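Residue numbers (this note's numbering): 24 to 349. Backbone N, C-alpha and C fix where the C-beta goes; we use that ideal spot for every residue, glycine too. Source: prediction; values computed, not measured.
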Ligand SMILES: NC(=O)c1ccc[n+]([C@@H]2O[C@H](COP(=O)([O-])OP(=O)(O)OC[C@H]3O[C@@H](n4cnc5c(N)ncnc54)[C@H](OP(=O)(O)O)[C@@H]3O)[C@@H](O)[C@H]2O)c1
């Protein structure tokens, strides 16, 4: 495994992060996720591979992902050896502190996450989205207070417009509050809209990108049209705005991944992940494993240097689109 600083912060993370949205109670939200038993070989492999950066969220499995991660932290690894990331924003219950980024929600949700994770600190506490219903000053001061209380070490953000992120960072600086060190954004061969505005901003501010769905939820890790896994059969094809998660034209990109993978004799996931990793603003893509061999393929991507010709064939067919899920 390789390790890097998260942006220009002092926090050292593995260059591949373990996505814990794959774990939880399948009766809650996502039917394809793995329980403690199913997750065990994946946690063990993460530890063997040196993948020390683990990402979950309060909303995953409505808290059950955090509970599984909490048990894994005691069973398979030393707590201090892991950089533990979780998130808040999405609705955990109907009450005033159940969702969003108000001071009330921040204080309630951080304590609820700590309880489920069974730990006394979170390394990277992330806002899952921008909250248009709370003043940015209120959110940034509350998050700062969470850091000062020792409940979180660093702050991160996830999927929003670049102007919203810039506003939050500026507000933190103006108030003398803690700034975000990471941006968890959707980025893969078939979702490249972050290249327009966000990545330039992150580079200028020394913020590390930790892309979610770097394999486009598996779509660039298997031949076009193949849907043999449980997740592939039940995953939505549009986001909650009805925006398509992939376009017909993406087939040319997936075909290019397959061709390069066959020529090199490696799994498609390794090629697709190598492409994400080569972007200098990317600190660590967050892979979502559902089978034990998935993490090994992600880690092996660190050994691949794509040629200019390969990069051209992967990038040329891309068609711009609206970002999804925010
Ligand atoms: N901040 C946010 O809004 C947000 C949103 C989504 C996710 N996330 C985070 O990002 C993490 C990753 O998201 P994701 O699961 O969508 O990411 P992903 O890595 O793009 O997709 C994971 C899927 O890709 C397939 N896959 C992974 N490795 C493979 C391999 N080596 N060979 C073949 N197929 C492979 C599997 O599909 P099959 O199961 O179909 O085989 C797996 O379910 C989550 O766990 C979560 O921590 C954050």
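Quiz item: Is the closest heavy atom of ligand 1 to the C-beta of residue 207 under 7 angstroms?
Solution: yes
Quiz item: Can you tell me where the beta strand (DSSP E) with residue 194 in it begins and where it stops?
Solution: Run containing residue 194: none in the beta strand (DSSP E); it sits in the alpha helix (DSSP H), 185-198.
Self-check item: N-terminal and C-terminal residue of the beta strand (DSSP E) that residue 138 is part of
Solution: Per DSSP, residue 138 belongs to no beta strand (DSSP E); it is in the alpha helix (DSSP H), 126-140.
Quiz item: With a Cβ-Cβ cutoff of 8 angstroms, do residue 255 and residue 291 count as a contact?
Solution: no
Quiz item: beta strand (DSSP E) containing residue 91: first to last residue?
Solution: Taken as a continuous stretch (DSSP letters only), residue 91 belongs to no beta strand (DSSP E), being part of the alpha helix (DSSP H) at 87-98.
Quiz item: Counting pairs of beta carbons, one from the stretch 111-124 and one from the stretch 44-64, are three or more of them closer than 8 angstroms?
Solution: no
Quiz item: Are residue 96 and residue 51 closer than 8 angstroms when you measure CB to CB?
Solution: no
Quiz item: What is the DSSP secondary structure of residue 78, reduced to helix, strand or coil?
Solution: strand
Quiz item: Among 189, 109, 133, which residue has its Cα nearest to the Cα of residue 120?
Solution: 133
Quiz item: Can you tell me the Cα-Cα spacing of residue 141 and residue 285, whole angstroms?
Solution: 44 angstroms
Practice problem: Please find out if some non-hydrogen atom of ligand 1 comes closer than 7 angstroms to the beta-carbon of residue 78. | Solution: yes
Quiz item: Is the Cβ-Cβ distance between residue 179 and residue 122 less than 8 angstroms?
Solution: no
Quiz prompt | Beta-carbon proximity list for residue 159, same chain, < 8 angstroms, skipping 5 on both sides | solution = 190, 191, 194
Quiz prompt | Helix, strand or coil at residue 45 according to DSSP, with G and I counted as helix | solution = helix
Quiz item: If you draw a straight line from the C-alpha of residue 110 to the C-alpha of residue 37, how long is it?
Solution: 19 angstroms
Quiz item: Candidates 94, 275, 186: which alpha carbon is nearest residue 248's?
Solution: 275
Practice problem: Going by DSSP, name the residue or residues bridged to residue 203. | Solution: 178
Practice problem: Within 10 angstroms of the Cβ of residue 257, are there 16 or more other Cβ atoms? Answer buried if so, exposed if not. | Solution: exposed
Exercise. Measure from the alpha carbon of residue 185 to the alpha carbon of each residue in 166, 167, 152, then state which is nearest.
Key: 152
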